[in-house]
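Trainee: Chains as they are written, first to last, in this note's numbering: chain A, 3 to 649; chain B, 5 to 290.
We treat Cβ as the ideally placed atom computed from N, Cα and C, and that holds for glycine.
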Amino acid sequence: MRRSLLFLLLITSSLFAKEPFARDPYLQLATHQSIHLVWRTEGDIKPQVRFGTDPDRLHRLVPSHHVTTRTSDPKSKQPLHQSVSPQIHQYEVFLDGLQPKSTYYYAIFDQHGKRLTPADSSYRFKTHPTPGSDAPVYFWVVGDSGTGGRAQAQVHEAMIAHNQKFKRELDLYLHVGDMAYGSGTDHEFSTRFFPMYETTIRNTVCWASMGNHEGRTSKGITGIGPYYDAYICPTEAEAGGLPSGKEAYYSFDYGKTHFICLDSHDLDRRPAGAMAQWLKADLEKTQAEFLVAFFHHPPYTLGSHNSNVEKHLIEMRQHIMPILESGGVDVVFTGHSHIYERSMLIDGAYSTPTTTDGVVLDDGDGDPAGDGPYLKSAGLTPHNGTVQVVAGHGGTGVSRRGTMPIMKRIIVENGSVLVSIKGDTLTAEMVNLHGDIRDIFAIKKSGTVVHTPLLDPWEPEPWTKVRKKAPPKAPRKTTPLIAKGSTWAYLAGSHPTGELNAWTKPDYVYSNWKTGPAGFGYGDKDDATVLNDMRNKYRVVYIRKDFQAPKKMDPNSLGLNISYDDAFIAYLNGHEILRVGVDHEQGATAEDFTMHEANGKFQYFKLRGLEKILKLGATNTLAIEGHNANIGSSDFTLHPALLQRTK
Amino acid sequence: MIRAWILCSGILAQTLNAHEDLNSVIRSLSQKIRNSPTAELYYQRGIEYRAAREKLHARTDFQSALKINPTHQAALRNLALLHSQAHEHKQAIAVATALLDTSPSPQTHLLLADIFYTAKDLPNALKHVQLSPPEEDHTHLLHAHLLQDDEQVVAQLKRGHEITKSIVLRNAWIDALIATENSKTALPIIEKELTSSRFRASWLIRRARVLRSQNQKEAAKRDLLEALTELQKRISPTCPDLTLIYDRGLAYALLDRKKEAQTDLEILTQSRFSPLSYQLLVTLLR
Numbered sequence: 003m004r005r006s007l008l009f010l011l012l013i014t015s016s017l018f019a020k021e022p023f024a025r026d027p028y029l030q031l032a033t034h035q036s037i038h039l040v041w042r043t044e045g046d047i048k049p050q051v052r053f054g055t056d057p058d059r060l061h062r063l064v065p066s067h068h069v070t071t072r073t074s075d076p077k078s079k080q081p082l083h084q085s086v087s088p089q090i091h092q093y094e095v096f097l098d099g100l101q102p103k104s105t106y107y108y109a110i111f112d113q114h115g116k117r118l119t120p121a122d123s124s125y126r127f128k129t130h131p132t133p134g135s136d137a138p139v140y141f142w143v144v145g146d147s148g149t150g151g152r153a154q155a156q157v158h159e160a161m162i163a164h165n166q167k168f169k170r171e172l173d174l175y176l177h178v179g180d181m182a183y184g185s186g187t188d189h190e191f192s193t194r195f196f197p198m199y200e201t202t203i204r205n206t207v208c209w210a211s212m213g214n215h216e217g218r219t220s221k222g223i224t225g226i227g228p229y230y231d232a233y234i235c236p237t238e239a240e241a242g243g244l245p246s247g248k249e250a251y252y253s254f255d256y257g258k259t260h261f262i263c264l265d266s267h268d269l270d271r272r273p274a275g276a277m278a279q280w281l282k283a284d285l286e287k288t289q290a291e292f293l294v295a296f297f298h299h300p301p302y303t304l305g306s307h308n309s310n311v312e313k314h315l316i317e318m319r320q321h322i323m324p325i326l327e328s329g330g331v332d333v334v335f336t337g338h339s340h341i342y343e344r345s346m347l348i349d350g351a352y353s354t355p356t357t358t359d360g361v362v363l364d365d366g367d368g369d370p371a372g373d374g375p376y377l378k379s380a381g382l383t384p385h386n387g388t389v390q391v392v393a394g395h396g397g398t399g400v401s402r403r404g405t406m407p408i409m410k411r412i413i414v415e416n417g418s419v420l421v422s423i424k425g426d427t428l429t430a431e432m433v434n435l436h437g438d439i440r441d442i443f444a445i446k447k448s449g450t451v452v453h454t455p456l457l458d459p460w461e462p463e464p465w466t467k468v469r470k471k472a473p474p475k476a477p478r479k480t481t482p483l484i485a486k487g488s489t490w491a492y493l494a495g496s497h498p499t500g501e502l503n504a505w506t507k508p509d510y511v512y513s514n515w516k517t518g519p520a521g522f523g524y525g526d527k528d529d530a531t532v533l534n535d536m537r538n539k540y541r542v543v544y545i546r547k548d549f550q551a552p553k554k555m556d557p558n559s560l561g562l563n564i565s566y567d568d569a570f571i572a573y574l575n576g577h578e579i580l581r582v583g584v585d586h587e588q589g590a591t592a593e594d595f596t597m598h599e600a601n602g603k604f605q606y607f608k609l610r611g612l613e614k615i616l617k618l619g620a621t622n623t624l625a626i627e628g629h630n631a632n633i634g635s636s637d638f639t640l641h642p643a644l645l646q647r648t649k
Numbered sequence: 005m006i007r008a009w010i011l012c013s014g015i016l017a018q019t020l021n022a023h024e025d026l027n028s029v030i031r032s033l034s035q036k037i038r039n040s041p042t043a044e045l046y047y048q049r050g051i052e053y054r055a056a057r058e059k060l061h062a063r064t065d066f067q068s069a070l071k072i073n074p075t076h077q078a079a080l081r082n083l084a085l086l087h088s089q090a091h092e093h094k095q096a097i098a099v100a101t102a103l104l105d106t107s108p109s110p111q112t113h114l115l116l117a118d119i120f121y122t123a124k125d126l127p128n129a130l131k132h133v134q135l136s137p138p139e140e141d142h143t144h145l146l147h148a149h150l151l152q153d154d155e156q157v158v159a160q161l162k163r164g165h166e167i168t169k170s171i172v173l174r175n176a177w178i179d180a181l182i183a184t185e186n187s188k189t190a191l192p193i194i195e196k197e198l199t200s201s202r203f204r205a206s207w208l209i210r211r212a213r214v215l216r217s218q219n220q221k222e223a224a225k226r227d228l229l230e231a232l233t234e235l236q237k238r239i240s241p242t243c244p245d246l247t248l249i250y251d252r253g254l255a256y257a258l259l260d261r262k263k264e265a266q267t268d269l270e271i272l273t274q275s276r277f278s279p280l281s282y283q284l285l286v287t288l289l290r
């Protein structure tokens, strides 16, 4: 009884204990000499902010005239949105006189001198390097994340784990919009954005672009609404670039990289509009060597949205992309469409509908370990190629409606993008919510590179809607007879010698076959034995492995757990036992395939009718031929495991 | 504990926002309208129809919203815009005036100024632009365009730049200074931009205009030819950046290559580039 009461007390106290902050501290608008720190409390605390380069010696005090206090009182200067409770005080603190490229630690105190932020070195910030200096930059790109849900949290955690694993630290964070579903209200920002990213935004500036959901309550033309209360964006070129006079669109520099944020939602997108005129002037002025643009509505997508029919998307493609590409843009990050889509190196793809005709400059995968990075001239060169990245997969439900032909990668998973620019190379990785790297591309800028559009570029395979029913998963209790990642004998690039299906029999001599761990394949980062020579050369791979069957077992308790792309035929001791996605024939003469994406997932197939085939208490041979539906397919996967169901 | 609650509520939110393509949103709103029609639901569906370029459906929905709530401000604003874009000036003015009666704000005056300008009713456009938001760059661009006196134009754009800090207004002010042959103020800024810009064509053209006004025709010609060389490298022959076509048209016109300038003007006209922004090219070609 006493224990129950204690538990109840603990629960209620944790629910009703007064938190020091109504919105935890976060960083905004950084330059090489200054930064802003923002937070909210209930009631006025007349705060003091101390900071210094040593976490144990925060000897510098921010002068009180650098602290702006905002409330929802309409008579106050810069009032917060009317929906904000009158008790809420938002503090915006300007810290200046800082050294470039330096780390500082900070702490917030109330009027009584009580420290409100814990003595924790994660409350820190790093100033930008001197503009134009040769400093690398590493940043995180997220879009359409603002559900406050599990996937959003997982995407964030996967980014943190990835950075810990590779010992990396973010310099900045770009959000391409839809950060607070469903209408970007103040409450939605307070529950679906700030708490979700608290540990990151306390030490990393989030540079934001407004999405259509924030646009329901915030207006780009007036700069008023919860979105504009949340962010402090440059209006007077405080961090580089040219003054836009508006928080809705702006630019900033980080070393030799120029970032441009546009409002694709509610401002004039036409070339004569003020935003396009500012963009033109800004592009003429910058002396940067890399150019990154970000905004919400994607010029190219067939994810949850269709850029061939939707107004905002068409206008960004037809009106804004020509200005960006004549200014030498390298990468464009967008969201809105709930998917990850990444293009080849393209230029001039402004027509509707989007095709690959005369617009693909390099149809490789851009992967340094694959087809190699995309090559561009040093500096910013007009019409030298752009990579488009739709990163609307940051937390909400993902979906796909078709295949955008300029895309190199189309991945229907939640995730985010991590980008590094160092020296002459930009490298981007898509990390999914499980922490897997699902795509890599790089742009290397050196010397002079002249591109001519490819006459017959590669195109992704057409997409047909897959059934919504989830593929069957392996039973909970199983014993592997052949485990995932086991070593198999394999034959790639030729067909087995001997009679038809001889290679599937236990006594077949296969000493000239290679051996390697499963899975086998290329192109989708899920393979242990990578078949780099497969694409455009051959489309079938043969694998076989002996295994021991227990003396006492039900032959019908076996199942094949397999990740595959596109199709396969399995044999046990020379007998065909399972055929998936191959309608006719086998081996070299197999035909009529059904396409299937592995997407890193395993599918379980019960094996039946093995009573007369399986040899109990003896060695058996499992042989599988894996097929790619198209010889030029962007990927192939064959990764089987043989499981015995146990009770 | 609070985080757990937030996460739980988020899962519901995630479901609500899943697969949020336009057709699904329109279907969902239609279902809600069938169950319980409100002005806000009609307005929201109108916005989605507009995004899908279904202007007639959008218009009908904004009108339906206004039947339920005649003072729905967002519906009034969007309906006025749709009428104006369709050159239905009378209806646009009527709807925007109703909005002004409901919500007399500087933003509504700017909307009316734009509508009257499109309807070629310049006195009324001027009347409303004078009441438009001063922090908005478009206010000053339109206002300057509507003024007759060159000195007033310069003053308006200078004031606009001082208020907004927008580089677009600063550049428009420099163009106005050049038009009034006030090279003393304009030239130092132009020279500074020429030394600090990566692409120099637009500034070379501006300097050429100043040089022409000072009768330095050879120097002006050199600048214009250099500008053309840079522009030809930047302009994609198949899908040109229209802002560069405008610059090229200016350079051709100033070089007296009127046929080529006329071709560029036609590209701008056909692409519905705002006449407000290529007025100088039209003037040079007269």
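In this structure, how does DSSP classify residue 35 (chain A) when only helix, strand and coil are distinguished?
Mentor: Coil at residue 35 (chain A), not helix or strand.
Trainee: Should residue 213 (chain B) and residue 258 (chain B) be called a contact, given that it needs their Cβ atoms to be closer than 8 Å?
Mentor: In this structure, residue 258 (chain B) lies closer than 8 Å to residue 213 (chain B) by Cβ.
Trainee: Inspect the CB distances between the segment 193 to 206 of chain B and the segment 294 to 307 of chain A and report whether three or more fall short of 8 Å.
Mentor: The answer is no - the segment 294 to 307 of chain A does not touch the segment 193 to 206 of chain B, with fewer than three Cβ pairs under 8 Å.
Trainee: Give me the Cα-Cα distance between residue 494 (chain A) and residue 252 (chain B), rounded to the nearest whole angstrom.
Mentor: Cα to Cα, residue 494 (chain A) sits roughly 57 Å from residue 252 (chain B).
Trainee: What is the DSSP secondary structure of residue 233 (chain A), counted as helix, strand or coil?
Mentor: In this structure, residue 233 (chain A) counts as coil in the three-state DSSP scheme.
Trainee: Counting contacts by CB-CB distance shorter than 8 Å, is residue 312 (chain A) in contact with chain B?
Mentor: At least one chain B Cβ lies under 8 Å of residue 312 (chain A).
Trainee: Can you list, in chain order, the residues of its chain whose CB lies under 6 Å from that of residue 438 (chain A), leaving out five sequence neighbours each side?
Mentor: Once the five neighbours on either side are set aside, residue 438 (chain A) has no close Cβ partner at all.
Trainee: Tell me which residue opens and which closes the beta strand (DSSP E) that residue 107 (chain A) is part of.
Mentor: Its beta strand (DSSP E) spans residues 105 to 111.
Trainee: Say whether chain B places a C-beta atom closer than 8 Å to the C-beta of residue 641 (chain A).
Mentor: By this cut-off, residue 641 (chain A) is not an interface position.
Trainee: Which runs of the alpha helix (DSSP H) fall wholly inside the segment 497 to 582 of chain A and span at least 4 residues, in chain order?
Mentor: If we require 4 residues or more, the segment 497 to 582 of chain A turns out to have no alpha helix (DSSP H) run fully inside it.
Trainee: Tell me the residue span of the alpha helix (DSSP H) that contains residue 237 (chain B).
Mentor: Taken as a continuous stretch (DSSP letters only), the alpha helix (DSSP H) holding residue 237 (chain B) covers 221 to 238.
Trainee: What ranges does the beta strand (DSSP E) occupy inside the segment 107 to 149 of chain A, keeping only unbroken runs of at least 3 residues that lie completely in it?
Mentor: Fully enclosed beta strand (DSSP E) runs of 3 or longer: 126 to 128 and 139 to 144.
Trainee: Is the beta carbon of residue 32 (chain A) less than 8 Å from the beta carbon of residue 139 (chain A)?
Mentor: Taking 8 Å as the Cβ cut-off, residue 32 (chain A) and residue 139 (chain A) do not qualify as a contacting pair.
Trainee: So, helix, strand or coil for residue 54 (chain A), using DSSP?
Mentor: Strand, per DSSP.
Trainee: Does residue 242 (chain B) get closer than 8 Å to chain A when you measure Cβ to Cβ?
Mentor: Yes, its Cβ sits closer than 8 Å to a Cβ of chain A.
Trainee: Excluding the 5 residues flanking residue 44 (chain A) on each side, which residues of the same chain have their C-beta closer than 7 Å to its C-beta?
Mentor: For residue 44 (chain A), where only same-chain residues beyond five positions count, the Cβ hits under 7 Å are 24, 89 and 90.
Trainee: Output yes if chain A places a C-beta closer than 8 Å to the C-beta of residue 238 (chain B); else output no.
Mentor: With 8 Å as the cut-off, residue 238 (chain B) counts as an interface residue toward chain A.
Trainee: Roughly how many angstroms separate the alpha carbons of residue 615 (chain A) and residue 553 (chain A), rounded to a whole number?
Mentor: Rounded to the nearest angstrom, the two C-alpha atoms are 14 Å apart.
Trainee: I'd like to check one pair, residue 491 (chain A) with residue 551 (chain A): are the Cβ atoms closer than 8 Å?
Mentor: No; because the gap between Cβ atoms is not below 8 Å, this pair is not in contact.
Trainee: Measure the Cβ-Cβ separation of residue 65 (chain B) and residue 49 (chain B) and say whether it is below 8 Å.
Mentor: It is a contact, given that the beta carbons lie within the stated cut-off.
Trainee: Reducing DSSP to helix, strand and coil, say where residue 274 (chain A) ends up.
Mentor: Here residue 274 (chain A) sits in coil by DSSP.
Trainee: Does any CB atom of chain A fall closer than 8 Å to the CB of residue 107 (chain B)?
Mentor: No, residue 107 (chain B) does not count as interfacial toward chain A.
Trainee: Just to check my reading of the structure: residue 187 (chain A) and residue 228 (chain A) have Cβ atoms closer than 8 Å, yes? What is that Cβ distance to the nearest angstrom?
Mentor: Correct: roughly 6 Å between the Cβ atoms.
Trainee: Rounding to the nearest angstrom, what Cα-Cα distance links residue 51 (chain A) and residue 63 (chain A) in this structure?
Mentor: Straight-line Cα distance between these residues: approximately 6 Å.
Trainee: Below 7 Å on C-beta distance, what does residue 66 (chain B) contact in chain A?
Mentor: What residue 66 (chain B) touches in chain A: nothing, since even the nearest Cβ is about 15 Å away.
Trainee: Residue 350 (chain A) versus chain B: which residues are under 7 Å apart at the beta carbon?
Mentor: Within 7 Å Cβ-Cβ: 240, 242 and 243.
Trainee: Where residue 342 (chain A) and residue 141 (chain B) are concerned, what is the direct C-alpha to C-alpha distance, given to the nearest angstrom?
Mentor: Going by the C-alpha atoms only, they are around 36 Å apart.
Trainee: To the nearest angstrom, how far is the alpha carbon of residue 121 (chain A) from that of residue 202 (chain A)?
Mentor: The straight-line gap from Cα to Cα measures roughly 17 Å.
Trainee: Alpha carbon to alpha carbon, what distance is there between residue 91 (chain B) and residue 605 (chain A)?
Mentor: For residue 605 (chain A) and residue 91 (chain B), the distance between alpha carbons rounds to 58 Å.
Trainee: What separation, rounded to the nearest whole angstrom, lies between the Cα atoms of residue 602 (chain A) and residue 66 (chain A)?
Mentor: So the two alpha carbons sit approximately 55 Å from each other.
Trainee: By Cβ distance below 7 Å, which residues in the same chain neighbour residue 229 (chain B) in space, the five residues on each side in sequence not counted?
Mentor: Excluding positions up to five away in sequence, the list is empty.
Trainee: When Cβ atoms are compared, which residues of the segment 129 to 142 of chain B fall closer than 9 Å to chain A?
Mentor: Flagged, chain order: 137, 139, 140, 141 and 142.
Trainee: DSSP three-state call for residue 47 (chain B): helix, strand or coil?
Mentor: Helix.
Trainee: Nearest CA to the CA of residue 473 (chain A): which residue from A:608, A:199, A:196 and A:546?
Mentor: Ranking the options by Cα distance to residue 473 (chain A), first place goes to A:608.
Trainee: Quick check: is the beta carbon of residue 34 (chain B) nearer than 8 Å to any beta carbon in chain A?
Mentor: With 8 Å as the cut-off, residue 34 (chain B) does not count as an interface residue toward chain A.
Trainee: Whose CA, out of B:62, B:39 and B:40, lies closest to the CA of residue 47 (chain B)?
Mentor: Checked all of B:62, B:39 and B:40; the closest Cα to residue 47 (chain B) is B:62.
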